[in-house]
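All residue numbers for the sequence shown refer to full-length UniProt numbering, where the first residue is 1 and numbers rise by one.
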Amino acid sequence: MLVLKLLPVCLCLAQWSAAAAVPPTNGSGTCTNPPKRMEWRQLSETQRKSYTEAVLCLTRVKAGSPLNGTVNRFDEFQAVHKEQTPYIHIVGQFLLWHRYFLATYEKALKDECGWTLGQPFSKLFCRYWDWSLDAEPLNETSARIFDSAIFNPDTGFGGNGYPKVAPPEMNPQNLTGNTGGGCVMNGPFAPPNFMLNLPTPHCLVRDFMPWIINRLAAPKLVEEALAQPDYFSFAKTVENWPKPRLSSIHSSGHYGVGGIQGTMADAEESPGDPLFYCHHGNIDRIFWQWQQKDLTARLNEVGGPIKPFDYSGKNVTLDFEVNIGPLAGNATIKDLLNTEGGTLCYTY
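What follows is the structure, encoded as structure tokens:
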């Protein structure tokens, strides 16, 4: 099954090797005055709207890659994640693959939609959502987290989906407590203003599940990750290997927002929800925060299996190349460990 999933990626890379976008540097290979990614609540309402408008702009830019089913540039990011899902989770490159993926998405927002919207580039850097500020781990049934500014229908990403009962085949774990399940009801990403195209045209679906996000976005779980002594231990804690589903800070945003039926809960297609990038922005911020505790050492430290759960097989090394298909050229783990190193150029 894994071999079959890999084939489309290999074909795309072969077709696009000469035309692949350059890595998301500042153009000179150096990084001076790196822009700061900010938590959603730190932005003005104008800045918030400019960001969601840039995302919508990306859906109006025609796709340029041969990835099946893609219509626009937003689709392309979802398609790459979909094709590579079996190789970018529960592996040593998980954190660095997603770091590079987000930076490339950020570059597309700036380069392809920044000037269209008349906004300075500095206003379009990816934001993050610190869900630990909203979680109520001592009151898991509380839905207060979904009153957060990031879900505001006018200056945020909109709210929940229409209530819809999940069929048994979609809920093999017999989960309870989901509150949506249908198309997003309001905000900039509600239909028909925003539609997804993979695998066929459909609306963005959300299925808020309060107990999951209140439990898994708890500050104590973030602190537990930050206390890990080495990269491998940190990465395992973020995804909670070997049982990542419904048990880790990485799961918090995916299943808290996606629930049983939502787009964010789909391991392959989760980048179809624009909130994916703010959720993973926070994972990346926590990663950078962990690196800062011993930066010199941790800019040269990596570990974990290349293949999921293959603990006795090959591990990732500093020269391991991260590929994100036709979205950008390959980058080494070494280049991606430093967000201010030139290949990447941003801070928190």
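Backbone N, C-alpha and C define an ideal beta-carbon position, used for all residues, glycine too.
Between Phe-232 and the ligand FMN, is there a pair consisting of the residue's CB and a ligand heavy atom that are separated by less than 7 Å?
For the structure depicted, the ligand FMN is absent and the ligand set is empty, with no information on it obtainable.
Is the beta carbon of Gln-84 closer than 8 Å to that of Val-316?
Counting from one through the sequence shown, the residue named residue 316 turns up at place 316. Counting from one through the sequence shown, the residue named residue 84 turns up at place 84. No. Outside cutoff.
How about Val-61: is its C-beta nearer than 8 Å to some C-beta of chain D?
The question asks about chain D, but that chain is absent: this structure has only one protein chain.
Just the Cα atoms here: how many angstroms apart are Lys-36 and Thr-104?
Translated into positions along the sequence shown, residue 36 becomes position 36. Translated into positions along the sequence shown, residue 104 becomes position 104. Cα to Cα, Lys-36 sits roughly 16 Å from Thr-104.
Could you tell me the distance, in whole angstroms, from the CA atom of Leu-275 to the CA atom of Asp-310?
As a position in the sequence shown, residue 275 is number 275, starting the count at 1. As a position in the sequence shown, residue 310 is number 310, starting the count at 1. Distance between the alpha carbons of Leu-275 and Asp-310 is about 31 Å.
According to the Cβ coordinates, are Ser-132 and Val-222 closer than 8 Å?
Position 132 of the sequence shown holds residue 132. Position 222 of the sequence shown holds residue 222. Taking 8 Å as the Cβ cut-off, Ser-132 and Val-222 qualify as a contacting pair.
Please classify Tyr-348: does DSSP put it in a helix, a strand, or coil?
The residue you call residue 348 lines up with position 348 of the sequence shown. Reduced to three states, the DSSP call for Tyr-348 is coil.
According to DSSP, is Lys-62 helix, strand or coil?
As a working mapping, residue 62 is identified with position 62 in the sequence shown. Reduced to three states, the DSSP call for Lys-62 is strand.
Indicate whether the contact test is met: 3 or more Cβ pairs, each with one atom in the region 285-300 and one in the region 176-187, closer than 8 Å.
No: the two stretches stay apart, fewer than three of their Cβ pairs being nearer than 8 Å.
Within the same chain, show all residues whose beta-carbon is closer than 8 Å to that of Ala-225, passing over the 5 residues directly before and after it, in chain order.
As a position in the sequence shown, residue 225 is number 225, starting the count at 1. If we look at Ala-225 and ignore the five residues flanking it on each side, its Cβ neighbours are Phe-234, Thr-237, Val-238, Ile-249, Ile-286 and Trp-290.
Within the continuous alpha helix (DSSP H) that includes Gly-182, where are the two ends?
As a first step, residue 182 is located in the sequence shown; it is residue number 182 there, counting from the start. No alpha helix (DSSP H) holds Gly-182; the beta strand (DSSP E) holding it covers 181-184.
How would you label Val-55, buried or exposed, when you count the other beta carbons within 10 angstroms and need 16 or more for buried?
Here residue 55 is taken as the residue at index 55 of the sequence shown, counted from 1. Val-55 is buried by the Cβ-count criterion.
Closest to Asp-111 by CA distance: which of Asn-160, Asn-68, Leu-58 and Asn-152 is it?
Residue 111 sits at position 111 when you count from the first residue of the sequence shown. Nearest option by C-alpha distance: Leu-58.
If we count the other Cβ atoms within 10 Å of its Cβ and call it buried at 16 or more, is Asp-154 buried or exposed?
The residue given as residue 154 occupies position 154 in the sequence shown. When all chains shown are included, Asp-154 counts as exposed.
What are the residues that DSSP puts in a beta bridge with His-202?
As a working mapping, residue 202 is identified with position 202 in the sequence shown. His-202 is bridged to Leu-196.
Going by DSSP in three states, Asn-300 sits in which element: helix, strand or coil?
Position 300 of the sequence shown, counted from the start, is the residue given in the question as residue 300. Residue state, collapsed to three classes: coil.
Per DSSP, Asn-72 forms a beta bridge with which residues?
As a first step, residue 72 is located in the sequence shown; it is residue number 72 there, counting from the start. According to DSSP, Asn-72 bridges with Lys-62.
Assign Ala-135 to one of three DSSP states: helix, strand, or coil.
Taking the sequence shown and counting its residues from 1, one reaches residue 135 at position 135. Three-state result, Ala-135: coil.
Quick check for students: name the residue ranges of the beta strand (DSSP E) that lie wholly in the region 206-265, counting only runs of 3 or more.
Listed in chain order, there is nothing to give.
In the structure shown, what three-state DSSP assignment does residue 393 receive?
Since the displayed the chain opens at 1 and closes at 348, residue 393 lies outside it and no answer follows.
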